[in-house]
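One structure below.
Here it is as C-alpha coordinates:
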(Lines of atoms letter the chains of each structure in order from A; the text may use other names.)
(Lines give C-alpha, C1' and ligand atoms only; values in the text may rest on other atoms or scores of the structure.)
Protein backbone atom coordinates (compact mmCIF):
# COMPACT_ATOMS: atom_id res chain seq x y z
CA UNK A 172 0.00 0.00 0.00
CA UNK A 173 1.20 3.49 -0.80
CA UNK A 174 2.73 5.42 2.09
CA UNK A 175 0.58 8.45 1.31
CA UNK A 176 -2.60 6.39 1.65
CA UNK A 177 -1.36 4.93 4.94
CA UNK A 178 -0.59 8.42 6.23
CA UNK A 179 -4.06 9.64 5.26
CA UNK A 180 -5.66 6.61 6.94
CA UNK A 181 -3.63 7.28 10.09
CA UNK A 182 -4.63 10.93 10.20
CA UNK A 183 -8.30 10.02 9.70
CA UNK A 184 -8.14 7.45 12.53
CA UNK A 185 -6.40 9.95 14.80
CA UNK A 186 -8.93 12.69 14.01
CA UNK A 187 -11.96 10.42 14.45
CA UNK A 188 -10.37 9.18 17.68
CA UNK A 189 -10.24 12.76 18.95
CA UNK A 190 -13.93 13.15 18.11
CA UNK A 191 -14.57 9.90 19.95
CA UNK A 192 -13.21 11.30 23.19
CA UNK A 193 -16.43 13.26 23.56
CA UNK A 194 -18.80 11.45 21.18
CA UNK A 195 -19.80 8.19 22.85
CA UNK A 196 -20.63 6.33 19.63
CA UNK A 197 -16.93 6.28 18.69
CA UNK A 198 -14.26 4.32 20.57
CA UNK A 199 -12.11 7.43 21.06
CA UNK A 200 -8.53 6.79 22.02
CA UNK A 201 -8.67 3.22 20.74
CA UNK A 202 -9.02 4.62 17.23
CA UNK A 203 -6.24 7.10 17.90
CA UNK A 204 -3.85 4.44 19.17
CA UNK A 205 -4.69 2.32 16.09
CA UNK A 206 -3.80 5.28 13.87
CA UNK A 207 -0.53 5.74 15.76
CA UNK A 208 0.36 2.04 15.47
CA UNK A 209 -0.47 1.90 11.77
CA UNK A 210 1.66 4.99 11.23
CA UNK A 211 4.61 3.54 13.15
CA UNK A 212 4.53 0.04 11.70
CA UNK A 213 2.83 0.60 8.35
CA UNK A 214 5.25 3.21 7.09
CA UNK A 215 8.97 3.72 7.36
CA UNK A 216 8.45 6.35 10.07
CA UNK A 217 11.31 7.03 12.46
CA UNK A 218 8.90 7.67 15.33
CA UNK A 219 10.63 6.51 18.53
CA UNK A 220 9.02 3.57 20.37
CA UNK A 221 8.81 5.66 23.55
CA UNK A 222 5.83 7.46 21.99
CA UNK A 223 4.05 4.16 21.35
CA UNK A 224 4.61 3.00 24.93
CA UNK A 225 3.71 6.36 26.47
CA UNK A 226 0.50 6.73 24.48
CA UNK A 227 -0.40 3.10 25.08
CA UNK A 228 -0.11 3.64 28.83
CA UNK A 229 -2.00 6.94 28.67
CA UNK A 230 -4.78 5.28 26.67
CA UNK A 231 -5.09 2.53 29.29
CA UNK A 232 -5.06 5.12 32.10
CA UNK A 233 -7.76 7.10 30.29
CA UNK A 234 -9.97 4.03 29.96
CA UNK A 235 -9.76 3.40 33.70
CA UNK A 236 -10.22 7.07 34.61
CA UNK A 237 -13.38 7.29 32.53
CA UNK A 238 -15.05 5.09 35.13
CA UNK A 239 -13.13 6.09 38.26
CA UNK A 240 -13.12 9.91 38.08
CA UNK A 241 -16.92 10.38 37.99
CA UNK A 242 -17.29 7.99 40.92
CA UNK A 243 -14.58 9.82 42.91
CA UNK A 244 -15.87 13.33 42.22
CA UNK A 245 -19.33 12.09 43.12
CA UNK A 246 -17.97 11.41 46.59
CA UNK A 247 -16.19 14.77 46.75
CA UNK A 248 -19.56 16.46 46.28
CA UNK A 249 -21.09 14.61 49.20
CA UNK A 250 -22.03 11.42 47.44
CA UNK A 251 -21.85 8.05 49.09
CA UNK A 252 -20.63 4.67 48.04
CA UNK A 253 -24.16 4.04 46.78
CA UNK A 254 -23.80 6.89 44.28
CA UNK A 255 -20.36 5.71 43.18
CA UNK A 256 -21.63 2.20 42.57
CA UNK A 257 -24.67 3.65 40.82
CA UNK A 258 -22.36 5.68 38.58
CA UNK A 259 -20.50 2.62 37.38
CA UNK A 260 -23.61 0.46 36.98
CA UNK A 261 -25.49 3.28 35.23
CA UNK A 262 -22.63 3.86 32.79
CA UNK A 263 -22.44 0.20 31.86
CA UNK A 264 -26.23 -0.11 31.49
CA UNK A 265 -26.37 3.15 29.55
CA UNK A 266 -23.91 1.86 26.97
CA UNK A 267 -26.49 -0.72 25.91
CA UNK A 268 -29.44 1.70 25.80
CA UNK A 269 -29.95 2.65 22.14
CA UNK A 270 -30.34 6.40 22.70
CA UNK A 271 -27.92 9.25 22.07
CA UNK A 272 -25.60 9.73 25.05
CA UNK A 273 -27.09 6.64 26.75
CA UNK A 274 -23.93 5.98 28.76
CA UNK A 275 -23.93 9.54 30.08
CA UNK A 276 -27.61 9.52 30.96
CA UNK A 277 -27.10 6.11 32.55
CA UNK A 278 -24.21 7.40 34.64
CA UNK A 279 -26.16 10.39 35.95
CA UNK A 280 -29.29 8.34 36.56
CA UNK A 281 -27.19 5.71 38.33
CA UNK A 282 -25.68 8.27 40.70
CA UNK A 283 -29.02 9.89 41.38
CA UNK A 284 -30.87 6.60 41.94
CA UNK A 285 -28.02 5.21 44.04
CA UNK A 286 -28.10 8.24 46.32
CA UNK A 287 -31.89 8.10 46.60
CA UNK A 288 -31.69 4.39 47.48
CA UNK A 289 -29.27 5.33 50.25
CA UNK A 290 -31.33 8.24 51.57
CA UNK A 291 -34.66 8.77 49.86
CA UNK A 292 -35.42 11.95 51.84
CA UNK A 293 -32.38 13.97 50.74
CA UNK A 294 -32.93 14.83 47.08
CA UNK A 295 -30.56 17.82 47.31
CA UNK A 296 -27.71 15.50 48.29
CA UNK A 297 -28.55 13.23 45.34
CA UNK A 298 -28.45 16.25 43.00
CA UNK A 299 -25.12 17.44 44.43
CA UNK A 300 -23.69 13.97 43.99
CA UNK A 301 -24.88 13.91 40.38
CA UNK A 302 -23.24 17.31 39.86
CA UNK A 303 -19.99 15.82 41.13
CA UNK A 304 -20.29 12.93 38.69
CA UNK A 305 -20.82 15.42 35.84
CA UNK A 306 -17.72 17.38 36.81
CA UNK A 307 -15.78 14.11 36.96
CA UNK A 308 -17.00 13.23 33.49
CA UNK A 309 -15.72 16.58 32.21
CA UNK A 310 -12.29 15.94 33.81
CA UNK A 311 -12.06 12.44 32.34
CA UNK A 312 -13.15 13.61 28.90
CA UNK A 313 -10.67 16.49 29.06
CA UNK A 314 -7.84 14.10 29.86
CA UNK A 315 -8.77 11.83 26.95
CA UNK A 316 -9.06 14.81 24.61
CA UNK A 317 -5.58 16.04 25.55
CA UNK A 318 -4.09 12.57 24.98
CA UNK A 319 -5.85 12.26 21.60
CA UNK A 320 -4.69 15.68 20.44
CA UNK A 321 -1.14 14.90 21.59
CA UNK A 322 -1.12 11.68 19.54
CA UNK A 323 -2.37 13.57 16.50
CA UNK A 324 0.28 16.26 16.90
CA UNK A 325 3.10 13.74 17.39
CA UNK A 326 2.18 11.98 14.13
CA UNK A 327 1.78 15.24 12.20
CA UNK A 328 5.08 16.60 13.52
CA UNK A 329 6.80 13.32 12.67
CA UNK A 330 5.35 13.45 9.15
CA UNK A 331 6.77 16.96 8.81
CA UNK A 332 10.13 15.72 10.20
CA UNK A 333 9.96 18.13 13.13
CA UNK A 334 10.58 15.44 15.78
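In this note's numbering, the protein residues as written are 172 to 334.
Ideal placement from N, C-alpha and C gives every residue a C-beta, glycine not left out.
Since we're looking at a predicted model, the values are computed, not measured.
- Beta-carbon spacing of residue 285, residue 257 below 8 Å: Position 114 of the chain shown, counted from the start, is the residue given in the question as residue 285. Position 86 of the chain shown, counted from the start, is the residue given in the question as residue 257. Yes. Within cutoff.
- With 16 other CB atoms within 10 Å as the buried threshold, where does residue 224 fall? Mapped onto the chain shown, residue 224 falls at position 53. The residue in question, residue 224, is exposed, as its Cβ has fewer than 16 Cβ neighbours within 10 Å.
- Per the contact definition of three or more C-beta pairs closer than 8 Å, is the region 250 to 266 in contact with the region 295 to 304? yes
- Does the distance from the C-beta atom of residue 187 to that of residue 245 stay below 8 Å? If you number the chain shown from 1, residue 187 lands on position 16. If you number the chain shown from 1, residue 245 lands on position 74. No, the pair does not count as a contact, with Cβ atoms beyond the cut-off.
- What's the C-alpha gap between residue 197 and residue 174? In the chain shown, the residue the question calls residue 197 occupies position 26. In the chain shown, the residue the question calls residue 174 occupies position 3. Residue 197 and residue 174: Cα-Cα distance of roughly 26 Å.
- Query: With 16 as the cutoff for other CB atoms within 10 Å, does residue 313 come out buried or exposed?
  - Reply: Locating residue 313 in the chain shown gives position 142, where the first residue counts as 1. Exposed, since its Cβ has fewer than 16 Cβ neighbours within 10 Å.
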